[in-house]
Amino acid sequence: AGNVNGVHLLYVRCAKAFAHGIRFQNSCSSKTDHGYDYYCGPILITAGMVSNCTVKMSKNSKFCGGVGMSGGTIVDCDITGCGSDDGGDARIGGALRLYGATCVADHLVITNNKTKAGAGVYLQKSGAKLLNSLVADNSAGSDSGGGIYAKEAGTVISNCVIRGNTAGAGGGIYGPCSVYDSTIVSNTASSSAGGCVHQTGGTIARCVIAAGKANTYGGGVYKTAGTFDHVTVSQCNALTGGSGVYQATA
Numbered sequence: 001a002g003n004v005n006g007v008h009l010l011y012v013r014c015a016k017a018f019a020h021g022i023r024f025q026n027s028c029s030s031k032t033d034h035g036y037d038y039y040c041g042p043i044l045i046t047a048g049m050v051s052n053c054t055v056k057m058s059k060n061s062k063f064c065g066g067v068g069m070s071g072g073t074i075v076d077c078d079i080t081g082c083g084s085d086d087g088g089d090a091r092i093g094g095a096l097r098l099y100g101a102t103c104v105a106d107h108l109v110i111t112n113n114k115t116k117a118g119a120g121v122y123l124q125k126s127g128a129k130l131l132n133s134l135v136a137d138n139s140a141g142s143d144s145g146g147g148i149y150a151k152e153a154g155t156v157i158s159n160c161v162i163r164g165n166t167a168g169a170g171g172g173i174y175g176p177c178s179v180y181d182s183t184i185v186s187n188t189a190s191s192s193a194g195g196c197v198h199q200t201g202g203t204i205a206r207c208v209i210a211a212g213k214a215n216t217y218g219g220g221v222y223k224t225a226g227t228f229d230h231v232t233v234s235q236c237n238a239l240t241g242g243s244g245v246y247q248a249t250a
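Those letters in the sequence shown? Residues 1 to 250, by this note's numbering.
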C-alpha cells in the first residue's frame, strides 16, 4: 500500500483500537492536518495497539519516515528502509519516533533506516520504552545516534540487540537513556566519540558492549554522565583514546 502525500494510511487513536497484519511500502508524506508533533510516515499511534505490521521504504520530509507515536503500543512489527527522502530533509527517527511518555515499542525489527538523528529510533519523552527489539544497520550519517537517539532521561531500552549502526557520534546509542540486559555490538562513530554508546546520563546495566569503533574517544562507550552496573566491554577501538570506555571530564 502507498499513501497520498501528507495523509496517514493508519491512524490509531482510541485505547481499545487494534490494527493487525497490515503492510505499508513506498509511502511518502510531508505534513498532516494534526500539527507539528504529528509528522511521520504511514502509521500514527496516539492510543491503542498496532501489531504484526510491516513498513518498508517509507519517507517523510520532516520527521520519522515510518511510525510516529504519542501513546499506545506497537508490537511484532518490521520497519526497514525508512527515513529521509533523497533530499535528506528528515531530521529525527528514521523508522520510529516515540514522543509520548506512555509509548511502548516491543519485539520490533528495525533495520536499514536513515535520517539525521536516531536513524533507527528516536526516544523523545521520558517514560518511552523500547523492549525486546533488534536495531541494526541504521545510519545517521555525520549526526548522532545511528541506532537510537534518546532526547530525555527516563527513556528505557531493555533486552535489545543494537548492532552494526553508524553515526558521527554514538553509533549505537546516543543520550541519557537507561539501557538494561542488552547487547550493543559492532557500532561505529565515524567522525567523533562513542562507537557503541555516547552516554550523557541514565544507567547501563547488565549489558554486553563489543567491537565498537570511534574516530576519536570511546570505542565502546564515551561517557559524560550516568552510571554503569555489571557491564562487559571488549574488543573496541578508538583512534584518540579510551578504546573501551572513555570518561569525559565534567
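Glycine residues also receive a C-beta, built at the ideal position from the N, C-alpha and C atoms.
Three-state secondary structure (DSSP) of residue 151: Residue 151 falls in the coil class under three-state DSSP.
Simplified DSSP assignment, three categories, for residue 59: It is a strand residue.
task: Using the Cα positions of residue 234 and residue 154, report the straight-line distance between them to the nearest angstrom.
output: The alpha-carbon atoms of residue 234 and residue 154 are separated by roughly 27 angstroms.
Close-in-space but distant-in-sequence residues of the same chain around residue 70 (CB under 6 angstroms, 5 per side omitted): In its chain, beyond the 5 residues on either side, 46, 99 and 100 have a beta carbon closer than 6 angstroms to the beta carbon of residue 70.
message: Please state whether the Cβ-Cβ distance between residue 77 and residue 123 is less than 8 angstroms.
response: It is not a contact, given that the beta carbons lie outside the stated cut-off.
- prompt: Between the Cα of residue 204 and the Cα atoms of 11, 157 and 54, which residue gives the shortest distance?
  reply: Among 11, 157 and 54, the Cα nearest to that of residue 204 is on 157.
query: How would you write the range of the beta strand (DSSP E) that residue 11 sits in, first residue to last?
result: Its beta strand (DSSP E) spans residues 10 to 12.
task: Compare the beta carbon distance of residue 173 and residue 195 with 8 angstroms and say whether it is the shorter of the two.
output: No.
Separation of residue 119 from residue 149, as counted between CA atoms: Their backbone Cα atoms lie some 8 angstroms apart in a straight line.
query: If you draw a straight line from the alpha carbon of residue 19 to that of residue 183, how long is it in whole angstroms?
result: Using only the alpha carbons, I get a separation of about 30 angstroms.
task: Would you grab the beta carbon distance between residue 117 and residue 136 for me? Rounded to a whole angstrom, and I think it's under 8 angstroms.
output: Not really, about 18 angstroms apart at Cβ, beyond 8 angstroms.
field: Burial state of residue 239, where buried means 16 or more other Cβ atoms lie within 10 Å
entry: Counting Cβ neighbours within 10 Å, residue 239 comes out exposed, since fewer than 16 surround it.
field: Selected residue, minimal CA-CA separation from residue 66, among 49, 200 and 93
entry: The residue among 49, 200 and 93 with its C-alpha nearest the C-alpha of residue 66 is 93.
- prompt: How should residue 241 be labelled, buried or exposed, when 16 other C-beta atoms within 10 angstroms of its C-beta is the threshold for buried?
  reply: With a 10 Å radius around the Cβ and a threshold of 16 neighbouring Cβ atoms, residue 241 comes out exposed.
query: Roughly how far, in whole angstroms, is the beta-carbon of residue 192 from the beta-carbon of residue 165, given that I think they are within contact range, below 8 angstroms?
result: That belief does not hold up - the Cβ atoms of residue 192 and residue 165 are roughly 14 angstroms apart, past 8 angstroms.
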